[in-house]
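Here's the structure, in structure tokens; my notes come after.
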Ligand code: ADP
Ligand code: ZN
Ligand code: ZN
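Structural data, given as structure tokens:
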């Protein structure tokens with residue numbers, strides 16, 4: 001009997017044996033359908049073992065083979081295998097996550113042929129000229145459609161009348177598509193790869209950086225540390241040009257909300273090659289097509305968010321990670337990989353260079369420069385002749401405060417607005433107020449499932465839990481003493497907006513947060529209102545901080561920095577510094593100097609001071625020294641075990657048992673240098689009715705930590721996870737909530 005071994009997408013760290021019926025053939029890396037309990041599951045063939053522990057009469061046959069050829073090439077297969085080991089995730093889950101949804105669901109990996117459309121030149125102009133200002137739906141849809149780098153299909157969720165309108169006006173049109181798969185080089189035919197006219201003349205620092213990167217042969221990690229506006233993108237484009245000229249492909253990873261139409265447009269304007277984008281607006285068919293195109297060598301450049309890392313290439317020549325410090329590169333559920341770290345590994349396996357770009361590099365990367373693993377390339381000047389913003393700290397102590405805004409900030413806003421400029425305020429809290437409480441007895445209206453205060457949403461007139469998304473009507477009476485004297489405390493973006501509406505009657509306000517951008521297309525609409533100067537005051541959570549460039553904003557304020565200064569998360573200060581520098585980089589332009597304002601009760605805080613007086617690089621030095629003193633990453637490697645369940649005591653006990661297990665292993669092997677923090681409740685101790693506990697283990701050596709975890713994998717049977725407890729293993733965690 002021929003045995004066959006399958007990796008299944010189940011949370012068990014093992015393979016499953018079946019037999020291969022004599023008339024069936026399969027190769028490693030293809031999908032098969034197998035019986036699993038009383039279900040059918042799709043798995044991936046990983047081997048053909050000689051023997052199995054399963055008795056012959058219990059061994060089941062696979063039901064069908066879905067692919068003729070492997071779906072994974074050797075390179076990606078090895079990367080995924082390594083990842084499964086490093087992140088201690090089941091290989092079956094890892095493999096599945098690297099496939100487009102359609103393939104996970106068992107659909108054929110043949111190209112799906114559907115009608116393809118493009119936005120016409122007339123359509124592009126219509127958007128710019130505001131011709132559709134009176135046809136909001138069409139305008140929104142067209143804006144949405146311009147995000148596709150190539151042709152697109154009719155989106156599943158779009159207004160039929162808007163679609164029809166755009167077609168009739170000739171703003172979009174159907175194109176003829178041929179589906180012969182040609183490599184991107186062949187498709188070029190006689191066109192030039194690059195529109196040289198659009199190239200910018202590099203300044204001296206840019207030239208040095210570009211030639212250093214062009215000169216690089218083989219693997220090398222480069223940290224492109226360049227202030228906002230220093231022309232990092234131009235550097236990417238010119239380096240990409242030389243990679244394409246060698247016939248090689250390029251992978252560009254960007255943060256979750258960094259894939260703006262402007263970015264895509266810049267790439268398209270520069271190159272005549274096939275560019276594909278992978279972002280959340282694609283439907284499953286489109287994702288499958290992009291996946292296939294990359295695998296067949298049809299795309300020259302792939303620009304995408306985190307999961308685009310798993311695209312396959314014929315001949316990859318360069319990886320670029322823009323805004324490498326961004327936390328969206330870390331996957332936060334399922335298997336918790338860090339796309340930035342894996343990208344470095346991928347570059348190494350391919351023996352190609354990788355560029356990590358940022359104005360505010362992560363402390364991890366700064367440390368890697370220090371220890372010689374990464375090469376730093378600096379761009380210290382703003383390209384063009386934009387000036388650095390002026391900074392300003394408002395000491396909130398004893399100031400009169402209006403919904404979070406001081407009198408001083410209000411007058412600064414007034415000055416900037418009267419000069420015809422825009423102002424932008426950041427507040428990292430949506431809703432009207434984060435707490436509703438009783439003015440008589442102090443009772444707080446809490447979500448029972450999370451034991452955290454409900455956020456008061458005035459516009460929708462509800463209470464919402466921001467942790468489990470549950471809603472509640474607003475109570476009239478205190479749940480404790482019955483008083484009707486209920487008040488809110490704290491300030492959210494809704495309240496800030498309301499206050500500013502009163503303070504600045506003659507100006508329009510745009511608020512950008514998760515509540516104001518729920519509807520598809522709403523974000524783009526808000527952003528274009530700002531670009532076109534239709535609104536003058538912008539309020540936003542950090543959603544607004546990334547990627548967008550607003551040349552007329554001359555005043556930027558971070559309304560509340562104190563919460564970050566006193567956070568339990570050791571990365572909070574790093575994130576505040578990054579936010580500050582990012583927003584500062586967006587204030588002002590060549591003719592108009594920008595101003596950045598911080599409001600705090602603690603202007604003397606040492607990290608704030610070092611950031612403000614000496615800049616980010618100095619801040620990161622100071623912060624790294626503190627991390628080293630406290631044995632925190634990047635000076636230690638961490639694993640965080642997160643256990644959740646409905647029975648608080650059982651969850652705690654389970655992690656106690658795990659702790660005992662780890663202590664015993666460490667004693668048995670006489671391993672030195674491990675730090676085990678006893679199990680603790682998570683900062684969010686309860687969420688959606690589940691009690692949450694954590695166990696953190698760290699060691700200065702990544703290899704030692706892996707040794708312990710590998711032992712843990714081998715011993716899994718000994719510490720069985722009870723069926724009513726969910727255990728998550730998070731390697732190199734960044735989310736401690
Ligand atoms: P970054 O990505 O570092 O924030 P960008 O690449 O977006 O910076 O460049 C910022 C601005 O400077 C852009 O408007 C870009 O067109 C311009 N720019 C970049 N390089 C040059 C250059 N060498 N000469 C003139 N303008 C430049
Ligand atoms: Zn009360
Ligand atoms: Zn809740």
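In full-length UniProt numbering, the protein residues as written are 1 to 737. The beta-carbon is built from N, C-alpha and C at its ideal position, and this holds for glycine as well.
The shortest CA-to-CA distance from residue 519 to any of 158, 733, 121, 399 is the one to 158. Every unbroken stretch of the alpha helix (DSSP H) spanning 4 or more residues and falling wholly within the stretch 475-528 is given here in chain order: 493-503. Excluding the 5 residues flanking it on each side, residue 272 has same chain C-beta neighbours closer than 8 Å at 188, 191, 192, 193, 194, 195, in chain order. Remark: C-beta atoms of residue 683 and residue 656 do not approach each other more closely than 8 Å.
Nearest Cα to residue 620 within the set 250, 360, 64, 475: 360. The beta carbon of residue 72 sits closer than 6 Å to the beta carbons of 29 from its chain, once the five residues preceding and following it are set aside; these are given in chain order. For residue 575 and residue 563, the gap between their C-alpha atoms comes out near 12 Å. Going by beta carbons, residue 354 and residue 221 fall inside the 8 Å limit. Ranked by Cα distance from residue 19, the first of 34, 12, 11, 10 is 34. Within the stretch 93-176, the complete alpha helix (DSSP H) runs of at least 4 residues fall at 101-104, 121-129, 136-145, 160-168.
DSSP places residue 81 within a helical segment (H, G or I) once states are collapsed to three. Residue burial annotation: residue 549 is exposed, with fewer than 16 other C-beta atoms found within 10 angstroms of its C-beta.
In the DSSP annotation of this structure, the continuous segment of the alpha helix (DSSP H) that includes residue 261 starts and ends at 261-270.
Secondary structure at residue 559: coil, using DSSP grouped into helix, strand and coil. In the three-state DSSP reduction, residue 67 falls in the coil class, being neither helix nor strand.
Residue 316 is bridged by DSSP to 249. Ligand 2 has no heavy atom closer than 7 Å to the beta-carbon of residue 446. Annotation for residue 283: 153, 155, 156 place their beta carbon closer than 8 Å to its own, counting only its chain and skipping 5 residues before and after. Inter-residue distance for residue 618 and residue 363 is about 12 Å (C-alpha atoms, whole angstroms). Shortest gap from the CB of residue 631 to any heavy atom of ligand 2: 7 Å or more. Using a Cβ distance threshold of 8 Å, residue 708 and residue 662 count as a contacting pair.
Contiguous alpha helix (DSSP H) elements confined to the stretch 582-624 occur at 606-614, taking only those with 4 or more residues. Only buried fits residue 267, as 16 or more other CB atoms lie within 10 angstroms of its CB.
Per the CB criterion, closer than 5 Å to any heavy atom of ligand 2, the qualifying residues run in chain order as 438, 440, 441, 443, 478, 480, 481, 483.
With contacts defined as CB atoms closer than 8 Å, residue 45 and residue 26 qualify as a contacting pair. Cβ contact annotation for residue 535 (same chain, cutoff 7 Å, sequence separation greater than five): 508, 509, 510, 529, in chain order. With 16 or more other Cβ atoms inside 10 Å of its own Cβ, residue 313 counts as buried. CA-CA distance, residue 219 to residue 491, rounds to 49 Å.
One thing to note: residue 303 has its Cβ no nearer than 8 Å to the Cβ of residue 352. Here residue 478 is not near residue 450, since their CB atoms are 8 Å or more apart. If you check the C-beta of residue 206 against ligand 1, you find a heavy atom less than 7 Å away. Under the three-state reduction of DSSP, residue 416 is assigned to helix. Per the coordinates, the alpha-carbon of residue 464 lies some 15 Å from the alpha-carbon of residue 513. Per DSSP, the beta-bridge partners of residue 731 are 639. Beyond the five residues adjoining it in sequence on each side, residue 232 comes within less than 7 Å, by CB distance, of 224, 226, 357, 379 in the same chain, given in chain order. Contact between the stretch 108-126 and the stretch 386-397 is not established, with fewer than three Cβ pairs separated by less than 8 Å.
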